[in-house]
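The opening position of the sequence shown corresponds to residue 1 in full-length UniProt numbering, with each subsequent residue numbered one higher.
Glycine residues also receive a C-beta, built at the ideal position from the N, C-alpha and C atoms.
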Amino acid sequence: MRVNHQDEQADEPADRIIASLTDLAGALGRLNDLIAQRLGIAQTDLLCLHMLNRAGACTAGALSAQLGRSTGAVTHMIDRLEKAGYVQRKPDPQDRRRVLVEAFAPGLERIASFYEHMDARSRRLTATFSDDQLAAIHAFLQGSYDSAVEECDQLIR
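Set out below in structure tokens:
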């Protein structure tokens, strides 16, 4: 984040895009915080459930690495989510010594219900762009994601 108190009209397009990303990150953080509050879970718990929804069942160690949290913190988080009925632990079919964490579909459906309106608005917005524009937007967002992950990795080291 760059400190900038100038009129946005004078900024370069890259500056406006980066400012918009910062604004979007803040708005999504607020949205996720509000949803987590409604669900009675922590925002990191919600992030964990998003991960499990996208990646499927995984180990506590993989969750720890993805979330940037200690294995102890992740174990406590899994305990909370299991008690609240959002996840279950199950033996890994490939290696019965390992335990996988899996999200329950009803919990994921409840979470998805909070994002329905935003998803619909986003789909209406994307419908206004050409396929080439959507490809460019996707490439930019993926590159921004990769950059954020790299920055997280740098801060962890």
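What are the partner residues of residue i, as DSSP defines its beta bridges?
i	result
PRO91	VAL99
CYS58	VAL101
Short of 7 Å in beta carbon distance, which residues of its chain neighbour residue i, apart from the five on each side in sequence? Order them along the chain.
i	result
GLN43	ASN32, ASP33 and ALA36
THR126	LEU134
Check the C-beta distance from residue i over to residue j and give it rounded, since I have them as a contact under 8 Å.
i	j	result
LEU63	CYS48	6 Å
LEU100	LYS90	5 Å
ARG98	THR59	6 Å
SER144	LEU21	6 Å
GLY61	THR71	6 Å
Can you list, in chain order, the residues of its chain with a C-beta nearer than 8 Å to that of residue i? Leave out the 5 residues immediately preceding and following it.
i	result
SER147	none
Candidates the options: which alpha carbon is nearest residue i's?
i	options	result
ASP153	MET51, LEU67, GLU102 and SER20	LEU67
ARG110	SER130, GLY85, ASP95 and ASP131	GLY85
GLY107	GLU12, THR22, GLY40 and ALA27	GLY40
LEU155	ARG69, THR126 and ARG124	ARG69
GLN88	ARG96, GLN94, ALA105 and ASP95	ALA105
Within the same chain, show all residues whose beta-carbon is closer than 6 Å to that of residue i, passing over the 5 residues directly before and after it, in chain order.
i	result
LEU52	ALA103
VAL74	ALA60, LEU63 and SER64
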